[in-house]
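First to last, the protein sequences are chains A and B. For the first sequence, the working numbering gives the first residue as 14, with consecutive numbering after it. For the second sequence, the working numbering gives the first residue as 354, with consecutive numbering after it. Working notes for the structure below.
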Amino acid sequence: MMEDVPPALLLGLDPRWLATGIFLLTYALLISERVHRTVAVMFGAGLMILSGIITQDDAFDGVDFNTISLLTGMMILVGITQRTGIFQFVAVWVVKKAKADPRGILITLATVTAVFSAFFDNVTTVLLIVPVTLLIVEKLELSAYPFLFAEIFASNIGGTATLIGDPPNIMIGSAVGLSFADFIIALGPVVIVIHLAVLLLLYLLWARKLESTPEARARVMEFHEKDTITDRRLLRQCMVVMALVITGFILGEHIGLQSGSVALAGAGLLMLIFTIGRSGKEQSARVQEILSELEWGTIIFFMCLFMMVHGLRATGVLTLIGRELIELTGGDLQVTTFATLWLAAIASAFVDNVPFVATMIPVLQSTADQLGGAQEMTPVWWALSLGACLGGNGTLVGATANIIVAGFAERSGNAISFTRFMLLGIPVLLISTVISSVYLYLRHFA
Amino acid sequence: MAVIDHVQCSAIMHSPPTHLYLDNTVHEAIELLIDHHMYNVPVVDRDEVFVGEISAKRLTGLLLPVSLSMEQGLKYTSFMRENLGDIKQRLDAVKSKPIAPYIATDITVVYPDSPLIDALTLLFHKYIRIPVVNRDDRRLVGGISLITVLRAVEKLE
């Protein structure tokens, strides 16, 4: 870890003040939303290097390539899998299993969203599930609001359950060495409880209004879910590769294989299957198509964010913040855990949880000695994960998936305003955080 | 040095083009499209100022469920079962509404003094017919299509 002040600092300024200034400026740009988030952190990372706080080599040392590989690998896996129509198949299948009853649809589609969000990224999940939902709701002649709200909440809650469900978990798992199985075992049960509690709230709120005619339900029951599958062979191949990847995530920790390597290897295998046996021109077109669908902006955002946070850590600013945090919590693990949970939940409702978690990880790591060592700190990491992921439900801008669904809602004539969302989002956030608090207490401190 | 006579859009444009008003209904737009076998019709306000176009694509969107016609909507729909009654029901719901919400406003126009090559390039890349509007008040004064250009070229022969 580089703690020394590097030479050639801009105008001889104090590196800590300079790094803090650059960081705050970048954060201000992120919060203002006047500059694209990738551009804002590119600007910040560039300033960290150009001002002499860190060298280019240091900047690249600060990038967590395990996180980058995991993100990229999963994007490729999802990009190919979604072509098979499996997401739509499951959505239509559960709707028919619920006999097209609106109350059943509310519960089943939200649960499908939560499960998919646990294994694929939340944005992809809502991009694929919400259009099917809107179609079904239109056929049933119902308001789309209950279903859209349920799916937003479910995507953020479901994403909390696994290492790969939400970027904050990927970062925490990678930085601290928590495995796929660790996440499922520690967060899976509480996520199920929170999902059920939120469903109950929505059910009590809307169940009475969810009535449709037998004719409308019959129209939905006429859907042929099997026809949603566009390529059965590719679907089987995707399922096999996804099973291998999940197995790799679970077993990898025992053989020193990091999750990023597993995801990239799985992505490579699926790309091979997707292109092999075709002409050179066709292979090239398919590879180009998949790679062009990668979210390059997100990948560059993460890389530059890591560089920027590394600059702040190199000057010792994050250690200082860590000391202040310990002063505030008195070095008590329980107080630090709950403070982290609530701070992360409230902050993530209003600001992007990725930069917040990227900053909090080194801050919390610097407090390990005062909290009894890295091993003892596990509850704090679960608190950070729960707070950061579930906090996204607080406001419309709390998570990218929320904004995506709001876009769909507006285009379908069911606009969701910031206030309207918050009126339900804040209670959901409070319920989720209270349940998380009780769970963490019972599991680690009772 | 010889001065080359560049041809401008005003020299060949047809005028006045068939158009709709913002407050015309969807039903009136459909009748015009059917009667004139047109795929896109310019739309003006009551001062004859160009505001956009209503296209066959936009009108087709009105026949579809919203989740299929919207941006990022469903792409594979073979699992659905629909009949003509379903389509008619959706059309009936919007038939008497004004066309204003359904027009495309991001239409590239040319001016009477624009070089013809500009219009021809637009026809090649994007449009079936290019509206010609006054540079100062954006009033619709004409239109240029491939047929317009070909007729002008034929006259030279």
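C-beta: ideal position from N, C-alpha, C; glycine also. For clarity, every value in this text was computed on a predicted model and none was experimentally measured.
Whether residue i touches residue j by CB criterion (8 Å)
{"i": "A/L307", "j": "A/T85", "result": "yes"}
{"i": "A/T413", "j": "A/V136", "result": "yes"}
{"i": "B/V485", "j": "B/P465", "result": "yes"}
{"i": "A/G411", "j": "A/A362", "result": "yes"}
{"i": "A/F421", "j": "A/L147", "result": "yes"}
{"i": "A/M390", "j": "A/G57", "result": "no"}
{"i": "A/W355", "j": "A/A199", "result": "no"}
{"i": "B/V404", "j": "B/H372", "result": "no"}
{"i": "A/P180", "j": "A/V418", "result": "no"}
{"i": "A/T6", "j": "B/F432", "result": "Because chain A is modelled from 14 through 459, residue 6 of chain A falls outside the range shown and cannot be assessed."}
{"i": "A/Q101", "j": "A/L155", "result": "no"}
{"i": "A/S425", "j": "B/M423", "result": "yes"}
{"i": "A/I67", "j": "A/G324", "result": "yes"}
{"i": "A/A163", "j": "A/L215", "result": "yes"}
{"i": "A/I184", "j": "A/A371", "result": "In the sequence under discussion, the amino acid at residue 184 of chain A is Met, which differs from the Ile named in the question. In contact: A/M184 and A/A371 (Cβ atoms closer than 8 Å)."}
{"i": "B/L385", "j": "B/L412", "result": "no"}
{"i": "A/A167", "j": "A/T124", "result": "yes"}
{"i": "A/V145", "j": "B/L417", "result": "no"}
{"i": "A/T39", "j": "A/L247", "result": "no"}
{"i": "A/F314", "j": "A/T51", "result": "yes"}
{"i": "B/V379", "j": "B/K441", "result": "no"}
{"i": "B/I452", "j": "B/A505", "result": "no"}
{"i": "B/I497", "j": "B/I483", "result": "yes"}
{"i": "A/T353", "j": "A/L397", "result": "yes"}
{"i": "A/I303", "j": "A/M284", "result": "yes"}
{"i": "B/L375", "j": "B/L415", "result": "no"}
N- and C-terminal bounds of the beta strand (DSSP E) containing residue i
{"i": "B/R482", "result": "R482 to V486"}
{"i": "B/S363", "result": "Here B/S363 belongs to no beta strand (DSSP E); instead the alpha helix (DSSP H) covers C362 to I365."}
{"i": "A/L409", "result": "That residue, A/L409, is in no beta strand (DSSP E); it is neither H nor E in DSSP."}
{"i": "B/G495", "result": "L493 to S498"}
Residue i - containing alpha helix (DSSP H), residue span
{"i": "A/P28", "result": "P28 to S45"}
{"i": "B/N436", "result": "From DSSP, B/N436 is part of no alpha helix (DSSP H); its letter is neither H nor E."}
{"i": "A/S274", "result": "S272 to T288"}
{"i": "A/G261", "result": "R245 to G265"}
{"i": "A/R326", "result": "W309 to A327"}
{"i": "A/E228", "result": "P227 to M234"}
{"i": "A/Y452", "result": "F431 to L453"}
{"i": "B/S368", "result": "Taken as a continuous stretch (DSSP letters only), B/S368 belongs to no alpha helix (DSSP H), as it is neither H nor E."}
{"i": "A/T51", "result": "R50 to L63"}
{"i": "A/V107", "result": "I99 to K110"}
{"i": "B/H478", "result": "L469 to H478"}
{"i": "A/F458", "result": "Where A/F458 is concerned, there is no enclosing alpha helix (DSSP H), given that its DSSP letter is neither H nor E."}
{"i": "A/E302", "result": "G293 to S305"}
{"i": "A/V125", "result": "P115 to F132"}
Supposed contact pair residue j and residue i - C-beta distance, whole angstroms, cut 8 Å
{"i": "A/E224", "j": "A/W106", "result": "About 23 Å separates the two Cβ atoms, so there is no contact after all."}
{"i": "A/I448", "j": "A/A210", "result": "6 Å"}
{"i": "A/V393", "j": "A/T350", "result": "5 Å"}
{"i": "A/T288", "j": "A/R299", "result": "5 Å"}
{"i": "A/A104", "j": "A/L119", "result": "Not quite, the Cβ-Cβ distance comes to about 13 Å (not below 8 Å), so this is no contact."}
{"i": "A/G279", "j": "A/V254", "result": "5 Å"}
{"i": "A/V6", "j": "A/I44", "result": "Only positions 14 to 459 of chain A appear in the structure, and residue 6 of chain A is not among them; the question remains open."}
{"i": "A/L464", "j": "A/I429", "result": "Past the boundaries of the shown model lies residue 464 of chain A; chain A is included only from 14 to 459, so the question cannot be answered."}
If we count Cβ pairs, one from each stretch, closer than 8 Å, do we get three or more for the stretch 323–331 of chain A versus the stretch 106–118 of chain A?
Fewer than three beta-carbon pairs drawn from the stretch 323–331 of chain A and the stretch 106–118 of chain A are found closer than 8 Å, and the two stretches are therefore not classed as touching.
Inspect the CB distances between the stretch 269–282 of chain A and the stretch 65–84 of chain A and report whether three or more fall short of 8 Å.
The stretch 269–282 of chain A is in contact with the stretch 65–84 of chain A.
Hey, which unbroken runs of the alpha helix (DSSP H) at 4 residues or more fall wholly within the stretch 386–433 of chain B?
Unbroken alpha helix (DSSP H) stretches of 4 residues or longer found wholly inside the stretch 386–433 of chain B: 409–416 and 419–422, given in chain order.
Where are the alpha helix (DSSP H) runs, 4 residues long or more, that stay fully inside the stretch 144–206 of chain A, in chain order?
Secondary structure remark: continuous alpha helix (DSSP H) runs of at least 4 residues inside the stretch 144–206 of chain A, in chain order: 158–172 and 180–189.
Using a Cβ distance threshold of 8 Å, determine whether the stretch 169–176 of chain A contacts the stretch 199–207 of chain A, with at least three qualifying pairs required.
Contact holds: three or more Cβ-Cβ distances are below 8 Å.
Is it true that the stretch 369–381 of chain A meets the stretch 180–191 of chain A, where meeting means three or more beta-carbon pairs spaced less than 8 Å apart?
Counting Cβ pairs under 8 Å, three or more are found: they touch.
What beta strand (DSSP E) runs, 3 residues minimum, are completely inside the stretch 330–409 of chain A?
Within the stretch 330–409 of chain A, not a single complete beta strand (DSSP E) segment reaches 3 residues in length.
Taking three-plus beta-carbon pairs below 8 Å as touching, is the stretch 359–368 of chain B in contact with the stretch 451–465 of chain B?
Contact between the stretch 359–368 of chain B and the stretch 451–465 of chain B is present: three or more C-beta pairs spanning the two stretches fall below 8 Å.
Between the stretch 449–461 of chain B and the stretch 404–415 of chain B, are three or more C-beta pairs nearer than 8 Å?
Under the three-pair Cβ rule at 8 Å, the stretch 449–461 of chain B counts as touching the stretch 404–415 of chain B.
How do the stretch 493–504 of chain B and the stretch 466–484 of chain B stand: do at least 3 beta-carbon pairs fall below 8 Å, yes or no?
These segments touch.
Indicate whether the contact test is met: 3 or more Cβ pairs, each with one atom in the stretch 54–74 of chain A and one in the stretch 307–319 of chain A, closer than 8 Å.
At 8 Å Cβ cutoff, the stretches touch.
If we require 4 or more residues per run, which alpha helix (DSSP H) segments fall completely within the stretch 65–92 of chain A?
If we require 4 residues or more, the alpha helix (DSSP H) runs fully inside the stretch 65–92 of chain A come out as 69–75.
Listed from N- to C-terminal order along the chain, which residues in the stretch 430–442 of chain B have their beta-carbon within a distance smaller than 7 Å of any beta-carbon of chain D?
Absent here is chain D; the protein component of the structure consists of chains A and B.
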